[in-house]
Each structure stands twice: as C-alpha cells, then as structure tokens.
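Right, one structure below, let's go through it.
Residue numbers (the working numbering), protein chains in the order written: chain A, 7 to 366; chain B, 10 to 96.
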C-alpha cells in the first residue's frame with residue numbers, strides 16, 4: 007500500500023519536492039534545493055528512496071546532487087564528469103536514469119556517464135561520443151544535449167539515449183557500441199531530399215510502453231511517432247492532434263496502449279498551447295486516436311508550454327499525471343487526465359517533473 | 010604561505026568551508042589543489058579541466074587578473090571570484 011507520493015521538480019532555480027498522500031488532493035511544497043542551481047532533471051530511486059538531481063551552474067559547472075533523506079539534506083559530486091581534456095567541458099547534466107543499480111547521466115555537450123556508487127563518481131561511456139556520426143551532430147535551441155536516457159527494464163546491456171538534434175541511439179552491449187534509431191522520423195528543417203536521414207533528427211522526448219520495451223513513443227520537433235521494434239523503425243501517430251510540435255511524451259505506467267502528449271502551436275509560432283487553450287492529449291489505443299483533456303486547465307489567454315521533461319505519471323493504480331509549465335505552474339490530475347488542478351504555482355520555469363511513490 | 014579568498018556562492022556547496030584559507034602554494038593551480046585536498050570536489054567547481062579555470066571564475070593576485078599558472082609569491086593574496094558574466 008503506497009503511503010507517500012512525491013513529485014520531483016527540476017527548475018531554473020533549484021529542485022523542489024511536493025509531498026502528497028495517495029489521495030493526491032493536498033500537497034506540501036518544499037524547496038528550493040541544490041543551492042538554486044539550474045536543475046534539469048530530478049529522479050527518485052524507489053528501491054532506495056534516494057533522490058538525484060542533475061544540473062549545471064554557470065560558475066561552478068555540472069553536478070549530480072543526492073539526497074538520501076527525501077530532500078532534507080543534499081550533497082553533490084561531479085568526480086569524473088568530464089570527457090576528454092581537449093573537448094568542450096561538460097556544461098550541465100540533463101537527464102538521469104537508474105538501471106540495474108547504476109546511475110546514468112546524459113549531459114551537455116551530448117554524452118553519457120555511468121556511476122556505480124550512487125553518483126559519487128562517474129565513468130564516461132565513451133562509445134556514444136565515439137559514434138561515427140558524432141562530428142555531424144548539431145545542437146538544437148537548447149544546446150547539444152543528451153536529454154533522455156531510457157533503460158531497458160530487464161536487460162542491463164540495453165538502453166536508448168535521445169539527443170537534440172542528433173536523434174535516438176540504442177546500445178545492446180552496455181554502451182560500447184551504438185546504432186542510430188531514427189528511421190521514419192522527419193527532419194522538416196532539411197531540404198526535401200534529406201527529410202529522412204539516418205541521424206540528425208530533433209527528437210524532443212521518448213518514452214517506453216508499459217511492459218513492452220520494444221514499443222517506444224516519441225515526440226519530435228517534427229511529429230509524434232510510435233515504434234514497435236525498439237526504434238528500428240518509427241511510424242507517425244500525429245493524425246488527430248492539433249499540431250505536430252510539442253516537447254514531452256509520457257507513457258502510462260500500466261497500460262502500454264495509453265500515451266500522453268502536450269502539443270504546442272508550432273516551433274515558429276511562440277511554442278504556446280494552441281489558441282491559448284491548454285490541453286493534455288491522451289490516446290488509449292497506441293496513438294491511433296486522440297482525446298483532448300481540458301477540465302481544469304486554462305481555456306483562454308494561456309501562453310505557456312511544457313518542456314521536454316516536464317510531464318510525468320505516477321505509478322498508482324489510478325494513475326496521476328503531472329504537467330509543469332515553463333511559467334512555473336504545476337498542473338496535476340489524480341484520475342488519468344480527466345480532471346486537473348493547480349498544485350503549485352509561482353515557481354521558476356519548470357524543466358522537469360518526475361514522481362516517486364513510496365510504500366508504507 | 011598565501012591567503013586564498015573563495016567566492017561566497019561556493020561556500021554552501023561545502024558545508025563548514027571557510028571563506029578564507031592559508032595554504033602553501035607557489036601557483037594558483039597549486040593553491041586550488043591544496044584546497045581540493047582539504048575539501049574534495051572543490052577543485053572541480055573552480056576548474057573545468059586540470060589546466061583551465063571555469064569560464065566564469067576569475068582569479069586575481071595582487072589585484073591583477075591571474076590564471077592557473079600565475080606565480081604566487083610568499084604572502085600573496087589570491088582572490089577567486091564569480092564573474093558577473095556567470096550570473
């Protein structure tokens with residue numbers, strides 16, 4: 007029986023934590039943590055209760071912060087969090103994931119590090135940086151960032167990394183070698199004859215279907231996609247959506263056919279919710295059909311977006327969905343997206359949202 | 010011995026770390042290495058690589074801009090500061 011639901015926020019000015027009960031009606035906000043550093047991703051390891059926060063400070067560089075007491079106290083480290091002396095130094099940690107007891111960190115400029123001691127020290131996963139396409143990777147508006155690290159739940163040798171704007175890469179040998187996994191995703195910013203390259207796509211986020219590691223969902227700068235084969239091929243699932251642009255994609259934690267998006271009005275139209283009316287869009291059939299969920303979300307004069315890591319689900323039976331805006335508002339639904347309420351506001355721009363459900 | 014003054018924004022990252030330190034060093038790099046030995050990780054916060062200060066960290070010796078190779082005469086005052094360009 008779950009006893010406590012934590013919503014973990016990374017913001018431009020530190021990490022925050024919301025404490026709630028399984029009813030998810032009342033929340034208590036704590037923070038800012040991490041000395042108000044820009045924090046790009048905060049994750050919890052429910053097996054240990056440890057919270058990790060990755061970010062980077064313009065003065066002091068990148069670090070991963072750790073808290074073993076649910077946010078009461080924090081320490082930080084970047085020991086080993088550098089790639090090659092001659093190259094551009096690591097500016098920030100962008101994404102964190104736990105796999106088979108190891109902590110993984112995607113960084114800017116795009117690279118991957120692994121820690122076997124809970125973030126105290128780091129080893130460069132050089133195989134990703136050494137991919138033959140590396141010299142042709144170009145940054146997106148947010149920089150050349152490894153912003154999603156998606157571990158295979160059963161095979162510790164497999165994981166996917168999403169890089170803007172290089173695309174999705176997959177390893178089956180623990181990171182020694184990587185394959186581009188972008189076939190079928192568009193580059194609308196390329197000339198017509200180069201719309202479907204092997205790499206160079208501006209992937210915005212990826213998510214894995216519950217219990218089906220080979221089924222991936224993707225929000226791209228240029229469309230929404232589903233893969234049935236671990237990213238070897240992607241097919242569009244944007245029909246029925248108000249735009250092809252957005253940042254986050256969230257997979258339902260129990261139902262592999264349910265997926266959530268937060269479409270925006272377009273990459274050159276302000277990147278706001280369409281028509282100033284906010285909606286989370288949900289598919290119950292793997293992206294074939296979409297329903298807009300608006301109850302409790304502003305339906306006029308809304309000019310915000312939700313960034314690539316800023317929407318998440320909790321793992322309760324009746325799943326909660328959380329969407330943090332780049333204007334510092336956190337919307338939450340305790341009923342799979344049917345109804346929404348503001349559970350925090352007046353925060354710094356929200357970079358990331360994750361959850362951790364703790365047992366009694 | 011030389012006297013090192015650390016930027017105030019650095020101190021909360023190392024609880025208990027004072028803002029001023031006396032260390033034995035003949036260069037700025039040696040001074041930071043001495044501080045890192047006493048406060049593990051502190052060098053990472055100031056240097057982006059073993060040979061380079063972070064982009065928005067400034068060093069001054071006797072009021073003059075310095076880098077990691079700058080010599081420190083005995084009794085020198087080394088100021089390590091956060092640049093306005095970083096925040």
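We put the CB at the ideal spot given by N, CA and C, even for glycine.
ask   = What does residue 128 of chain A reach in chain B if we use C-beta pairs closer than 7 Å?
value = Within 7 Å Cβ-Cβ: nothing; residue 128 of chain A doesn't reach chain B, min ~11 Å.
request  = Quick one: residues in its chain with C-beta nearer than 8 Å to the C-beta of residue 82 of chain A, no 5 flanking neighbours on either side, listed in chain order?
outcome  = 40, 69, 70, 71 and 72
query = Which term fits residue 45 of chain A, buried or exposed, when burial requires 16 or more other beta carbons within 10 angstroms of its beta carbon?
reply = buried
query = Which residues, taken in chain order from the stretch 62-90 of chain B, show a beta carbon closer than 9 Å to some beta carbon of chain A?
reply = 63, 64, 65 and 66
task = Going by DSSP, name the residue or residues bridged to residue 81 of chain A.
result = A/72
inquiry  = Does the contact criterion of 3 or more C-beta pairs under 8 Å hold for the stretch 37-45 of chain B versus the stretch 68-84 of chain B?
reply    = yes
request  = Output yes if chain B places a C-beta closer than 7 Å to the C-beta of residue 294 of chain A; else output no.
outcome  = no
ask   = Does the Cβ-Cβ distance between residue 15 of chain B and residue 25 of chain B come in under 7 Å?
value = no
Backbone secondary structure at residue 183 of chain A - three-state DSSP = coil
inquiry  = Counting only Cβ pairs nearer than 9 Å, list the residues of chain B close to residue 41 of chain A.
reply    = 18, 21 and 22
ask   = Quick one, which residues of the stretch 55-80 of chain A are near chain B if we go by CB-CB under 7 Å, in chain order?
value = 64, 65, 66 and 67
query = Hey, would you say residue 303 of chain A sits closer than 7 Å to residue 253 of chain A, going by beta carbons?
reply = no
ask   = In chain B, what lies closer than 9 Å to residue 85 of chain A by C-beta?
value = 49, 50 and 53
key: Cβ shell of residue 33 of chain B (< 7 Å), same chain only, five flanking positions each side left out   = 10 and 43
task = Mind reading off the beta-carbon distance from residue 322 of chain A to residue 95 of chain A? Whole number of angstroms is fine, and I expect it under 8 Å.
result = That pair is no contact at about 41 Å.
query = How about residue 192 of chain A and residue 201 of chain A: do their beta carbons lie closer than 7 Å?
reply = yes
request  = Name, please, each residue of chain B whose Cβ falls closer than 7 Å to the Cβ of residue 82 of chain A.
outcome  = 22
inquiry  = So, at 7 Å on beta carbons, what are the nonlocal neighbours of residue 94 of chain B in its own chain, with the 5 sequence-adjacent residues on each side left out?
reply    = 65
ask   = Any beta-carbon of chain E closer than 7 Å to the one on residue 145 of chain A?
value = Of the protein chains in this structure, namely A and B, none is chain E.
ask   = Is any beta-carbon of chain B found at less than 7 Å from that of residue 198 of chain A?
value = no
request  = Can you tell me which of the three DSSP states residue 228 of chain A falls into?
outcome  = coil
key: Secondary structure, alpha helix (DSSP H): runs of 4+ residues fully inside the stretch 82-145 of chain A   = 132-135
ask   = Is it the case that the Cβ atoms of residue 262 of chain A and residue 215 of chain A are separated by a distance below 7 Å?
value = yes
inquiry  = Using only the alpha-carbon positions, how far apart do residue 299 of chain A and residue 195 of chain A sit?
reply    = 30 Å
For residue 240 of chain A, the residue or residues it bridges with in DSSP = DSSP output for residue 240 of chain A lists no bridge partner at all.
query = Do residue 5 of chain A and residue 88 of chain A have their C-beta atoms within less than 7 Å of each other?
reply = The structure shown does not extend to residue 5 of chain A, since chain A is modelled only from 7 to 366, so the question has no answer here.
ask   = How about residue 154 of chain A and residue 84 of chain A: do their beta carbons lie closer than 7 Å?
value = no
ask   = Going by alpha carbons, who is nearest to residue 129 of chain A out of A/169, A/86, A/156 and A/123?
value = A/86
message = Please confirm whether residue 95 of chain A has its beta-carbon closer than 7 Å to some beta-carbon of chain B.
response = yes
query = In its own chain, which residues sit with a C-beta less than 7 Å from the C-beta of residue 9 of chain A, not counting the 5 before and 5 after it?
reply = 364, 365 and 366
DSSP three-state assignment for residue 289 of chain A, whether helix, strand or coil = strand
task = Would you tell me roughly how many angstroms separate the C-alpha atoms of residue 205 of chain A and residue 352 of chain A, rounded to the nearest one?
result = 39 Å
task = Kindly give me the distance between the Cβ atoms of residue 133 of chain A and residue 184 of chain A, rounded to whole angstroms, as I take these residues to be in contact under 8 Å.
result = 6 Å
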